[in-house]
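Heads up: the structure comes next, in structure tokens.
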Amino acid sequence: MKTEKKNQIKDIFDAYLSKKNYRKTPERYAILDEIYKFKGHFDVESMYINMRNKKYPVSRATVYNTIEILLECQLIRKHQFGKNHAQYEKSFFNRQHDHLICTNCEKVIEFCDPRIQGIKDAIEDTMKFKINRHALNFYGQCLDEENCSKKNY
Numbered sequence: 079m080k081t082e083k084k085n086q087i088k089d090i091f092d093a094y095l096s097k098k099n100y101r102k103t104p105e106r107y108a109i110l111d112e113i114y115k116f117k118g119h120f121d122v123e124s125m126y127i128n129m130r131n132k133k134y135p136v137s138r139a140t141v142y143n144t145i146e147i148l149l150e151c152q153l154i155r156k157h158q159f160g161k162n163h164a165q166y167e168k169s170f171f172n173r174q175h176d177h178l179i180c181t182n183c184e185k186v187i188e189f190c191d192p193r194i195q196g197i198k199d200a201i202e203d204t205m206k207f208k209i210n211r212h213a214l215n216f217y218g219q220c221l222d223e224e225n226c227s228k229k230n231y
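Letter 134 of the sequence shown, counting from 1, is numbered 212 in the numbering used here, and no numbers are missing.
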């Protein structure tokens, strides 16, 4: 990520921490940095393990608490794709996209179809409503059964 964007994200986080009178710890900034380096979705436990493997001195509680703060200030978004397993992704500078979720193996595939923008525009016109963001998830099964990582059939 370019330094300018990285600084902008850090500034937003910094301002939010100040506004809420939260402590500005190096661990919180390290977690933010790791999230914005990461491509795709992540869960809190895998982020914690990733941080520990990189020798960051963070506790599991710090990761969980920082994730909650990042949700509050809308620098990440939370998804509940499957069986009580929350996943997160960065949301600032992240292009709008939607998801296909396999109900057998729980694989999540991101996709972007420009026709959805057309539907969004039509809804705005018809309903006289300005849409700021949306979430669209399609649930189904991988058609390539051999590559479906956890078969429930």
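Idealized CB from N, CA, C, for every residue including glycine.
Nearest neighbour of residue i, chosen from the options [CA to CA]
i    : options                : result
E146 : G160, A164, M129       : A164
K208 : A200, N215, M129       : A200
P155 : H212, L221, E123, K97  : It is Arg, not Pro, that sits at residue 155 in the sequence shown. Checked all of H212, L221, E123, K97; the closest Cα to R155 is H212.
E223 : K88, K117, T81, C183   : C183
N215 : E202, S227, I194, D203 : I194
N162 : V141, Q174, V122       : V122
R138 : L153, G160, E105       : E105
L221 : H119, D89, K185, D176  : K185
T103 : K97, T81, D92          : D92
Sequence-distant residues of its chain with Cβ nearer than 7 Å to residue i (five each side left out)
i    : result
Y217 : I179, T181
S169 : Q152, L153, I154, R155
N230 : Its pLDDT being 48, under 50, N230 is placed unreliably in this model, and the value from its coordinates should be taken loosely. Here the set comprises N182.
Cross-strand partners of residue i (DSSP beta bridge)
i    : result
A164 : Q158
D176 : F189
Same chain, Cβ closer than 8 Å to residue i, five either side skipped, listed in chain order
i    : result
N225 : none
Close beta carbons around residue i, own chain, < 6 Å, minus the five adjacent residues each side
i    : result
S227 : C183
Quiz item: Is it a yes or a no for the region 126 to 134 touching the region 189 to 200, going by three-plus beta-carbon pairs under 8 Å?
Solution: As far as the Cβ criterion goes, the region 126 to 134 does not touch the region 189 to 200, which means the pair count is below three.
Quiz item: If you pair each beta-carbon of the region 99 to 110 with each one of the region 137 to 152, do three or more pairs fall below 8 Å?
Solution: Flag = yes, the region 99 to 110 and the region 137 to 152 touch.
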